[in-house]
Each structure stands twice: as structure tokens, then as C-alpha cells.
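Comments concern the structure below.
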Amino acid sequence: MNPRQIVIHPKEFQKELLDELKYQGAKVLNSTSSAFWIEQDRFEPAWADCVWRDVKSLEFDSISDAQKKLRSIAPRWRYHGDILNRRGALIAERLISKKKREPFLFPGLFPQASDPAFTLADTNLILYSHAISRPTIDGFIPFQENREVPPSRAYLKLWEALTILGDWPKPGELVVDLGSSPGSWTWALAELKAQVLSLDRADLSEELMRHPQVEFKRGDAFSLKPTQMDWVFSDVICFPEKLLEYVQTWIDSGFCQRFVCNIKLTGEADPGVIEKFQKLPHSRVLHLLNGKHELTWICHPKL
Ligand SMILES: C[S@@+](CC[C@H](N)C(=O)[O-])C[C@H]1O[C@@H](n2cnc3c(N)ncnc32)[C@H](O)[C@@H]1O
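In this note's numbering, the protein residues as written are 974 to 1276.
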């Protein structure tokens, strides 16, 4: 039986992903070196590097036949090398962009993010999908980093989340950054010309404390009551249940529709808590390649 969904798994968090898929009732048909093939098509597992939905199959006789058939579906493809990688790579040769992965300048829409993707299931069988959950199949976005100004590399998590979402704060928008010290997220938000309210128990870096786009408040992030805000960001280290309770007050208030909040996990990840975030309206929970043992809840009207 062919899968309806392909879940590309992260090297580090295969166990978490498998636990989550089992918890959600997914039937795993096959486990390859980099992916799980799922019988049903209704999961968005948080721990996946990338999820292919509405997976279709295509039989072919030869490499040129495969190329012809794929080209009749779409002019450009992404290829995921897994089973029979050498044969798949030969098929892919004429269909994928030859360009080296250029460093990607945030913010922007990632090129090729809307190209369909294929992989080989057998010598004469292709699996493909037009519904790919990430801008790149392995989840890696080659950001052009700023190694001089931001106080740490934590801003890469924020860039990754916003690039996957395909939206980010616009100049003049009011945003709050909770648990902001030393200030990489605040820096990234100020770079977007947003007005940043930045809260932490500890100070930001000296430059950010003086930044004209940034208002810093020292204290408990959770003491901030919901108020009119274009975006809420949180990287506070706290129990997931605490974060869930707090963001629920924002959702109930109706003051903000856009959230990017890190869910910090200690020890075993509880799929039940992850599911509660997933079930919030307009929500998606992701594992970011720039994150460690944590997940990111994104809430946005477009989801
Ligand atoms: C992972 S760090 C944040 C890094 C930050 N996003 C950056 O880019 O530089 C987590 C922060 O949460 C802060 N924090 C933890 N509990 C907090 C609370 N209840 N209120 C305010 N800040 C808190 C810590 O002081 C710490 O600076």
C-alpha cells in the first residue's frame, strides 16, 4: 500500500516523532533512513523536519519516462534522496534547480518553496506531493547570518519560524518580546522596524537598552496583561502548561492574533500538551532546526 503522507524525520528527535505519531493514531507503513510513510493523511507532527501531505504515486518505465511524466505535472521539482538514491538523483537531474544553495536574506519568501517534491519508493515507482510543509525538504534554511551585532544566535529561531510562516512584523507594528534577554529576538524585531516592548527579569545588551525602537521592562513576563498588540513573541523558560495558560488569556482577550512562542521541554516531551497547543485556533507547532529540545507554537490567521 502506498502512503498518503510522508514525514521526514529529524536525526536527533526520531523517538519524540514516533511517540507523537503513535499518540495521534498514525499507522506507519514503512520506515526508511530519513522518513516515515504514513497510511492516513491527517497529521502535522510537531517533531518532523518536513511533512508531505496528499502523497500521490507515479509508475514509470525508465529514467527518461519518469522525467517526462514529472515534467507534465510541473516544470520544476524538489527531490528527496532516500530509497534508490542514485536512480532518483538521475531522474532529478533535469528537473531540479542546479543553483547552489545561496545564503538566504531574511525577510523574504524562500525561493522554490512552492515547487512539488518527489522521492523514489521502488525501481519504477515515484511518490510525490504538492503539499510540502517547509520551505526546504530537510528543514534547513541557509540564512545569511549576522555574526557581529545580535548578542547571540537565538534570532535564527525567530527568522526560521517567520520564514516558514511566510509573514513577519511590518514597520511600525507593535510587538512584545517576552523573556527577551540578552536580546537577539528583540534585535531581529527592531531590525524589521517594529516597535518592540521587551520584557525580562534580566537586562538586554547595552546597545539594545538604548535602541530607539525598543522599550525594555524588567520583571515577570507573565505579569503583562493582554493589551492591543500586533504580535506576541515568547522565549521564556517555563513549563509548557504555564505558557499555555498565559497565551489562552491573550487569545480570550482578542487583543492579538499573531503569536510565535517557544515551548520549552524538559525531559520526555508530553504529546498531550503539544496537542493542546496544536488545537488552539489557527495554530501550528513545529520543531525548528535552530531550536534544541523545544517546540515552537505559531498562531496566525492564515493558518
Ligand atoms: C532562552 S532566554 C531568551 C533568549 C532571547 N530570546 C534572545 O533572543 O536573546 C530565556 C529568558 O527567559 C527569561 N525568563 C525566564 N522566566 C521569566 C519570567 N517569568 N519573566 C521574565 N523573563 C523570564 C530568562 O531571564 C531568560 O533571559
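Note that CB positions come from ideal geometry on N, CA and C, so glycine has one too.
What did DSSP end up calling residue i once you bin it into helix, strand or coil?
i	result
Glu1133	helix
Gln978	strand
Glu1032	strand
Asn1058	helix
Glu1180	helix
Ile1247	helix
Ile1004	Contrary to the premise, residue 1004 reads as Ser rather than Ile in this sequence. Strand, per DSSP.
Arg1026	strand
Ala1039	helix
Arg1015	coil
Glu1121	coil
Arg1049	coil
Leu994	helix
Check this for me: beta carbons of residue i and residue j, under 9 Å apart or not?
i	j	result
Gln1297	Glu1017	Nothing can be reported for residue 1297, as the shown portion of the chain is limited to 974 through 1276.
Ile1064	Leu1093	yes
Asp1173	Met1182	no
Asp1022	Asp1111	yes
Phe1077	Gln1117	yes
Ser1102	Asp1027	yes
Leu1165	Asn975	no
Ala999	Ile979	no
Leu1259	Leu1253	no
Ala1104	Trp1025	yes
Cys1272	Ile1236	no
Arg1051	Phe1091	yes
Asp1055	Thr1005	yes
Pro1199	Ser1171	no
Are the stretch 1178 to 1187 and the stretch 1198 to 1213 touching by the rule of at least three beta carbon pairs closer than 8 Å?
no
So, does the stretch 1032 to 1048 touch the stretch 989 to 1009, judging by three or more C-beta pairs under 8 Å?
no
Check whether the stretch 1261 to 1269 and the stretch 1127 to 1134 touch, using three or more Cβ-Cβ pairs below 8 Å as the test.
The stretch 1261 to 1269 and the stretch 1127 to 1134 touch, with no fewer than 3 CB-CB distances between them shorter than 8 Å.
Does the contact criterion of 3 or more C-beta pairs under 8 Å hold for the stretch 1191 to 1205 versus the stretch 1143 to 1156?
yes
4 or more residues per run - each alpha helix (DSSP H) lying fully within the stretch 1153 to 1225
1157 to 1164, 1179 to 1182
Counting only runs that start and end within the stretch 1053 to 1110, where is the beta strand (DSSP E) found for 3 or more residues in a row?
The beta strand (DSSP E) runs lying completely inside the stretch 1053 to 1110 and spanning 3 residues or more are 1090 to 1095, 1098 to 1102, given in chain order.
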